[in-house]
Every structure is written in C-alpha cells, then in structure tokens.
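Counted from 1, the sequence shown has number 314 at position 314 by the UniProt record's numbering; the numbering is strictly sequential.
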Amino acid sequence: MYLYNISFSANHRNNHCIQMVASLACLVGNSLSTHINKVNIHKDINERHIFFSWRHSSLKRASKTILVKASLDQREHEGRRGFLKLLNLTVGLPALLGSAKAYADEQGVSSSKMSYSRFLEYLDKDRVKKVDLYENGTIAIVEAVSPELGNRVQRVRVQLPGLSQELLQKFRQKNIDFAAHNAQEESDSLFSNLIGNLAVPIIVIGGLFLLSRRSSGGTGGPGGSGFPFAFGKSKAKFQVEPNTGVTFDDVAGVDEAKQDFVEVVEFLKKPERFTAIGARIPKGVLLVGPPGTGKTLLAKAIAGEAGVPFFSISGSEFVEMFVGIGASRVRDLFKKAKENAPCIVFVDEIDAVGRQRGTGIGGGNDEREQTLNQLLTEMDGFEGNTGIIVIAATNRADILDSALLRPGRFDRQVSVDVPDIRGRTEILKVHGSNKKFDANVSLEVVAMRTPGFSGADLANLLNEAAILTGRRGKTEISSKEIDDSIDRIVAGMEGTVMIDGKSKNLVAYHEVGHAICGTLTPGHDPVQKVTLVPRGQARGLTWFIPSDDPTLISKQQLFARIVGGLGGRAAEEIIFGEPEVTTGAAGDLQQITSLAKQMVITFGMSDIGPWSLMDGSGQNADVIMRMMARNSMSEKLAEDIDFAIKRLSDEAYEIALKHIRNNREAIDKIVEVLLEKETITGDEFRTLLSEFVEIPPENVVSSSTPSPVSV
Numbered sequence: 001m002y003l004y005n006i007s008f009s010a011n012h013r014n015n016h017c018i019q020m021v022a023s024l025a026c027l028v029g030n031s032l033s034t035h036i037n038k039v040n041i042h043k044d045i046n047e048r049h050i051f052f053s054w055r056h057s058s059l060k061r062a063s064k065t066i067l068v069k070a071s072l073d074q075r076e077h078e079g080r081r082g083f084l085k086l087l088n089l090t091v092g093l094p095a096l097l098g099s100a101k102a103y104a105d106e107q108g109v110s111s112s113k114m115s116y117s118r119f120l121e122y123l124d125k126d127r128v129k130k131v132d133l134y135e136n137g138t139i140a141i142v143e144a145v146s147p148e149l150g151n152r153v154q155r156v157r158v159q160l161p162g163l164s165q166e167l168l169q170k171f172r173q174k175n176i177d178f179a180a181h182n183a184q185e186e187s188d189s190l191f192s193n194l195i196g197n198l199a200v201p202i203i204v205i206g207g208l209f210l211l212s213r214r215s216s217g218g219t220g221g222p223g224g225s226g227f228p229f230a231f232g233k234s235k236a237k238f239q240v241e242p243n244t245g246v247t248f249d250d251v252a253g254v255d256e257a258k259q260d261f262v263e264v265v266e267f268l269k270k271p272e273r274f275t276a277i278g279a280r281i282p283k284g285v286l287l288v289g290p291p292g293t294g295k296t297l298l299a300k301a302i303a304g305e306a307g308v309p310f311f312s313i314s315g316s317e318f319v320e321m322f323v324g325i326g327a328s329r330v331r332d333l334f335k336k337a338k339e340n341a342p343c344i345v346f347v348d349e350i351d352a353v354g355r356q357r358g359t360g361i362g363g364g365n366d367e368r369e370q371t372l373n374q375l376l377t378e379m380d381g382f383e384g385n386t387g388i389i390v391i392a393a394t395n396r397a398d399i400l401d402s403a404l405l406r407p408g409r410f411d412r413q414v415s416v417d418v419p420d421i422r423g424r425t426e427i428l429k430v431h432g433s434n435k436k437f438d439a440n441v442s443l444e445v446v447a448m449r450t451p452g453f454s455g456a457d458l459a460n461l462l463n464e465a466a467i468l469t470g471r472r473g474k475t476e477i478s479s480k481e482i483d484d485s486i487d488r489i490v491a492g493m494e495g496t497v498m499i500d501g502k503s504k505n506l507v508a509y510h511e512v513g514h515a516i517c518g519t520l521t522p523g524h525d526p527v528q529k530v531t532l533v534p535r536g537q538a539r540g541l542t543w544f545i546p547s548d549d550p551t552l553i554s555k556q557q558l559f560a561r562i563v564g565g566l567g568g569r570a571a572e573e574i575i576f577g578e579p580e581v582t583t584g585a586a587g588d589l590q591q592i593t594s595l596a597k598q599m600v601i602t603f604g605m606s607d608i609g610p611w612s613l614m615d616g617s618g619q620n621a622d623v624i625m626r627m628m629a630r631n632s633m634s635e636k637l638a639e640d641i642d643f644a645i646k647r648l649s650d651e652a653y654e655i656a657l658k659h660i661r662n663n664r665e666a667i668d669k670i671v672e673v674l675l676e677k678e679t680i681t682g683d684e685f686r687t688l689l690s691e692f693v694e695i696p697p698e699n700v701v702s703s704s705t706p707s708p709v710s711v
C-alpha cells in the first residue's frame with residue numbers, strides 16, 4: 001500500500017474532498033500492489049507445481065528447461081514489481097498532487113485570504129465581480145479586481161460573520177453575480193470534478209503498467225521486462241536444444257578447423273572416452289580468420305551437433321553507457337552457463353571487448369577494460385568454470401589481450417583462412433546443391449577463376465549468377481552468367497561501351513599493353529580475358545588468373561606483376577607519344593608502387609639486403625600506437641629504401657617499353673580484333689600473339705588444365 005499525504009488550506013468540507021483524493025490515491029496504489037501480489041501468488045503456485053513436476057519427472061533435460069524457465073519468470077516479475085514501485089512514486093504522486101491542486105483551484109479553495117473589512121472596501125469601490133457563498137453564507141469565494149496585481153481578477157476566500165439582508169441588498173445594487181451552494185450541489189461537483197481530474201493520470205499509469213507486462217524484449221535494456229533494473233542482465237540468446245539448421249555437413253573448405261570442433265563435440269557427447277586416459281576438455285577455442293571465411297557458420301554447426309545448451313552473444317552487447325554494466329553482464333552470463341553446464345558459450349566479434357588493455361585513452365579506468373577483467377576471471381579465475389566451453393570468433397587476433405589468449409582460457413586457436421582451390425570447389429558444391437546449372441558449367445573452373453574468394457564471397461557469387469539468370473529469362477545458370485557475376489563482384493557494375501573514337505582506341509592499346517607485357521614477362525600469371533566493357537571506374541579491364549593458389553610468391557613473380565602493371569602506361573607513351581599519356585594509369589601506378597615498396601621493406605628483395613625494415617609493432621596496433629610507433633631506420637637508410645623502390649620501378653618500366661617497341665605489329669593486330677569484338681578470351685589473345693612472337697614456356701597455359709575461358 002502506498003499512502004500519499006496531501007495538505008491544503010481549506011474548511012472542513014473541502015478537507016473532506018482532499019481526503020477523498022488521498023483515499024483514491026491509496027486505492028490506486030492498493031489495486032496495483034494487490035494485482036502484483038495476485039500475480040506473485042499465482043506464480044508461486046505455478047512454481048511449486050513446476051517444482052513437484054520436476055521431482056517426479058524422469059527426463060533430465062526437460063527438468064532443466066522447466067527450472068530455467070521458472071527462474072527466468074521469477075526474475076522477470078521481480079523486475080516488474082520494482083518497475084511498478086518506481087512508477088507509482090515518480091508518476092502517480094505528482095499526477096495525483098497536481099489533480100488535487102487543480103481541483104482545489106477550480107473550487108476556489110485558494111490559499112489567498114481577504115479580511116471582511118477589506119472585502120467591504122472592495123465592494124464599495126466596485127472591485128468585486130462575483131461571489132460564491134458556501135457553508136450557509138459563512139464562506140465566500142470572491143472574484144475581485146486587485147490593484148496590486150495590475151487590475152487583474154483574483155480569487156480570494158473571505159470569512160463572513162453571517163449572511164445579512166443588507167449585504168445581499170448591496171450585491172444587488174452593485175449588480176454583482178452571486179450564488180449560494182448547498183451540500184448536495186457541492187457533493188455532486190466534488191465527485192464529477194474529482195473523476196475528471198484523475199482520469200488522465202490513471203490512464204497513463206494503467207498504460208505504462210500494461211506496457212511493462214506485455215514487453216517481451218531482452219531483460220537488459222530499454223523495452224525489456226524489469227527496465228530499468230535489468231541493465232546488468234546478460235543479453236545472451238539461450239537455447240536448451242539449439243536448432244540452427246546447420247551441421248558439419250554444411251561446412252566445407254575448412255577441413256582442419258572442422259576437425260578440431262568435431263573433437264570438441266565428441267568430448268561433450270562422450271567425455272569418458274577422453275577422461276579415461278587423463279585428457280582435459282578444452283576450456284576455450286578461438287576462431288581466427290578474415291571476414292566471410294565461415295567462423296560463425298562453424299559455431300552454428302557446433303550448436304547443431306553438440307546437443308548441449310548453447311549461449312550466443314556479440315562482444316559489443318556487453319558494454320553500455322553506464323559504468324559497471326559490462327562486468328555485470330559477464331557475471332550474469334557465466335552464472336546462467338554454470339547453472340546449465342555442460343554447455344557452450346559463443347562470443348562473436350570478441351575483439352569488441354577483448355582488445356589489449358592499456359591502449360585506450362581512458363587507461364585502466366576504461367569501462368571496456370573492466371569488462372575484460374571480469375571475463376578473464378570468469379574464464380579461468382579462482383572458482384573456474386568446469387563444464388563450460390567458450391568459443392569466440394574474431395578477425396583481429398593481433399589486437400587481443402595476451403592474457404585472454406593463454407592456455408586455460410583459449411586452449412586452441414583455430415585459423416579459418418580463405419579456402420584453396422579444393423576448398424573453393426567443395427564450398428561451391430554446397431552452395432550450388434539447390435541451384436540448376438547448365439551442362440557445360442564446371443565448378444572446378446569457377447574455383448580456379450576465383451582465387452582469394454572467401455566462403456561468403458562464393459555464396460554471393462552463385463546467388464548473383466542465379467539472379468542474373470532469372471533476369472535474362474533463362475532456366476539454368478550458364479558459364480556466361482557466372483563469368484559476368486565474377487566481373488560484377490570484383491570490378492563493379494557493367495557500364496555502357498564507349499563509342500568509336502580516340503578514347504576507345506587509347507583504352508584498347510592500354511589494355512593490350514597490360515596483356516602483352518604480362519604474357520611476355522617470365523613468371524607472370526596467364527591472361528584470362530581482355531575487355532573494353534567498362535566496369536566501375538575502369539574504362540577497360542585485363543584479367544589475369546594464377547595457374548595455382550599463390551600461397552608462396554617468388555621475387556620473379558612479383559617483378560613480373562610490376563612489369564605487367566606498367567604495360568598500359570608504356571603502350572600509351574610508345575603509341576601516342578609522351579604528351580598524350582592519360583590519367584588512366586593512376587590505379588596501376590598505385591598498385592605497382594605498393595608492390596615495389598613491399599618487396600624492399602617487407603620481403604627483403606632488393607640490393608639493401610634481406611632485412612625487414614619496418615617496425616612491425618606499430619603496423620597492427622591502434623591508431624594512437626601507430627602514430628607513436630617509430631620506424632627502426634636512420635635517415636640514410638630511409639633514403640636508400642626510396643632509391644631501391646625507384647630502381648625496381650624504373651627497371652620494370654624499361655622492360656615494359658621494350659616489349660611494346662618490339663611487338664608493335666602484334667599489338668596493332670590484337671587491338672584491331674579487340675575493337676571489333678570488344679572482348680577477347682585468354683586463348684584468343686595467346687593465339688594471336690603466338691603468330692608474331694614466342695611466348696615464354698612458363699607462361700603457356702597447360703592443355704591439361706581446364707581453361708578458365710569456359711566460365
């Protein structure tokens with residue numbers, strides 16, 4: 001019960017009115033409290049029924065589900081009860097006080113009083129406009145013009161000695177509006193005005209109460225049950241029997257990573273098989289790899305295969321704007337996990353909360369660091385977390401705190417890298433199982449055409465090809481749709497082909513220059529196709545594909561790529577003259593400069609020697625640390641590096657110019673065919689070029705290798 005003390009200056013009858021207001025306030029508080037008690041009693045009965053049902057149940061998993069649900073319901077109603085208490089105090093009291101005050105003002109029960117003599121003075125000076133008589137003429141509520149208030153009308157209360165005929169006669173002489181109010185009139189007016197003034201706050205309180213009951217969001221933020229008392233509750237999604245729809249059969253291209261998790265699942269299903277020989281279950285597994293390689297997909301597969309309770313949460317969901325919320329949510333998450341052990345806790349994008357400590361602006365007082373400290377304690381602190389396996393995923397393992405990565409917290413670090421050609425083939429088979437392909441489509445060729453593609457990229461590729469097939473009115477995906485989809489993903493949307501003219505002619509020579517210099521330089525990747533169809537910002541494109549996955553790249557291959565990249569600018573200079581070179585080579589120059597710099601600084605492939613000349617500590621750190629990091633080199637060494645980079649570029653450009661000068665006839669012929677067809681394949685290009693010059697043996701595409709041109 002909530003009692004509101006309301007005090008006004010009024011007579012006995014008006015005090016009776018105020019008591020009614022206070023009584024109604026108590027009634028509202030009682031009704032809300034009684035409703036809560038009924039809910040709690042009903043819930044208590046249900047919980048007892050649930051408890052007895054659990055004791056007589058033979059299904060262990062069902063009993064665990066019931067207990068978890070009862071615990072969550074109890075927390076939910078405790079939060080709602082606290083919410084209603086706060087609501088009554090913050091909303092109900094001001095609303096009821098305001099309503100009573102409005103009612104009192106409306107009835108003329110004002111704290112302003114006027115003496116009887118001053119009232120007669122105002123009456124003689126014609127300042128009285130209206131008089132309402134109460135209590136058999138002993139109380140008057142007077143509307144009078146007050147000179148102290150700038151001649152504004154003021155309502156005041158006057159205590160009369162009695163209602164005399166002389167006073168009534170004077171009211172008539174002055175044409176004053178006066179009226180006497182009996183007890184029945186006053187009672188009816190009290191009731192109607194009271195109900196009218198209390199209607200709005202009651203509706204507001206009732207509406208908020210219903211919203212709090214119907215809200216089914218998370219328990220840890222606005223909109224959740226128990227707000228604002230549930231900020232510290234974990235937002236993790238909990239599934240007793242996970243139904244992700246993903247199994248290990250749906251995971252392809254990452255066989256090594258999958259094998260590690262198959263062992264974890266086996267440990268959860270048959271722990272005695274490992275504990276019999278003294279093995280200990282891994283406490284944590286960290287998935288590391290670029291975006292789109294299947295880290296979250298692996299976690300879904302584990303949830304679908306393990307058959308144990310599964311908690312999933314994002315690293316960014318721990319920290320809020322309030323201090324201490326992150327650590328509280330970590331404690332709540334592991335408390336729930338311990339109640340449901342053995343279980344799996346999956347934290348996606350853990351770098352949001354697990355970044356190295358001491359690197360932020362706030363230092364040790366950073367809220368994120370307090371959350372990380374709590375996470376470290378829960379994973380392997382004094383109490384331990386037996387039966388809980390923590391799986392986390394990140395693509396920034398280099399910035400994680402070293403204490404988080406040690407054995408005992410994350411015992412295993414599983415690398416999930418971009419797949420090789422065999423892995424890409426397996427991934428394409430998985431994602432293409434529900435699609436219709438033309439008979440000439442070879443997924444092995446598509447895999448060869450897509451080096452560096454992640455699993456997400458390959459899934460998107462086949463989806464784009466299917467959309468393009470439907471747009472063109474076909475019923476099966478052909479090699480043409482797959483090829484166009486690859487071009488769209490890598491280079492952008494297809495544009496309108498340029499009309500014949502000098503610009504189109506220059507672009508044709510530029511692209512053929514790339515193809516000529518790349519093909520004639522030993523160690524370069526073979527040409528896949530040359531096209532004048534614009535895509536994105538490029539007016540034309542020359543595609544090269546590696547014959548195998550470039551896991552290790554030699555110095556010869558890197559230098560050949562620099563020569564091929566400079567072939568476009570060399571063709572412009574030789575064919576049209578140095579004054580006619582264009583800005584079309586801007587992107588090429590950026591790429592070859594970056595590649596030459598890496599050869600000198602990172603790979604040690606220059607005359608300076610096999611040194612790594614850049615301090616690696618600042619390369620992968622935060623922005624502030626990168627700004628503070630100092631390169632481990634002197635000014636003389638920095639000058640030598642610049643000279644070595646320029647020498648590599650100059651040597652490559654001289655070779656490119658030589659290729660263009662020595663093969664002018666072949667270039668003119670290939671450009672003529674390209675202008676006519678607008679796109680030529682790699683096989684067509686090599687056939688035309690071989691009529692004029694011999695192609696280096698290492699750059700000839702093997703006949704046993706499926707040609708990517710058929711894609």
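Virtual Cβ for every residue (Gly too), placed ideally from N, Cα, C. Only a predicted model underlies this, so the values are computations on that prediction, with no experimental measurement involved.
Between the CA atoms of residue j and residue i - distance to the nearest angstrom
i	j	result
Lys658	Glu694	15 Å
Arg422	Glu256	13 Å
Asp500	Ile489	27 Å
Glu654	Asp417	38 Å
Gly278	Glu263	15 Å
Glu698	Ala337	59 Å
Gly567	Gly518	8 Å
Val330	Thr394	18 Å
Ala303	Asp260	14 Å
Arg561	Ile399	32 Å
Arg357	Ala403	10 Å
Asn373	Ala397	18 Å
Coarse secondary structure for residue i, derived from DSSP in three states
i	result
Asp668	helix
Met605	coil
Ala393	strand
Asp126	coil
Val353	coil
Asp401	coil
Gln374	helix
Thr475	coil
Leu211	helix
Gly470	helix
Val288	strand
Ile313	strand
Val246	coil
Lys113	strand
Glu426	helix
For residue i: DSSP bridge partner residues
i	result
Ala140	Leu133 and Val158
Cys343	Ile388
Asp177	Lys130
Lys529	Trp543 and Thr681
Distance between beta carbons of residue j and residue i, contact taken as under 8 Å
i	j	result
Glu665	Phe643	That pair is no contact at about 37 Å.
Ser316	Glu349	7 Å
Pro282	Ile388	No, Pro282 and Ile388 are not in contact; Cβ-Cβ is about 11 Å, not under 8 Å.
Leu541	Thr531	5 Å
Gly253	Ile427	4 Å
Lys130	Glu143	4 Å
Ser146	Gln159	With 8 Å as the limit, Ser146 and Gln159 do not qualify as a contact, their Cβ atoms being about 18 Å apart.
Cβ-heavy atom distance, residue i to the ligand NAD, below 7 Å
i	result
Leu506	This structure does not include the ligand NAD; it has no bound ligands of any sort.
Cβ-based burial, residue i [other Cβ within 10 Å; buried from 16]
i	result
Lys270	exposed
Ile592	buried
Asn175	exposed
Lys529	buried
Asn663	buried
Ala306	buried
Gly150	exposed
Ser554	exposed
residue 742	This structure leaves residue 742 out entirely; the chain is present only between 1 and 711.
Val700	exposed
Lys429	exposed
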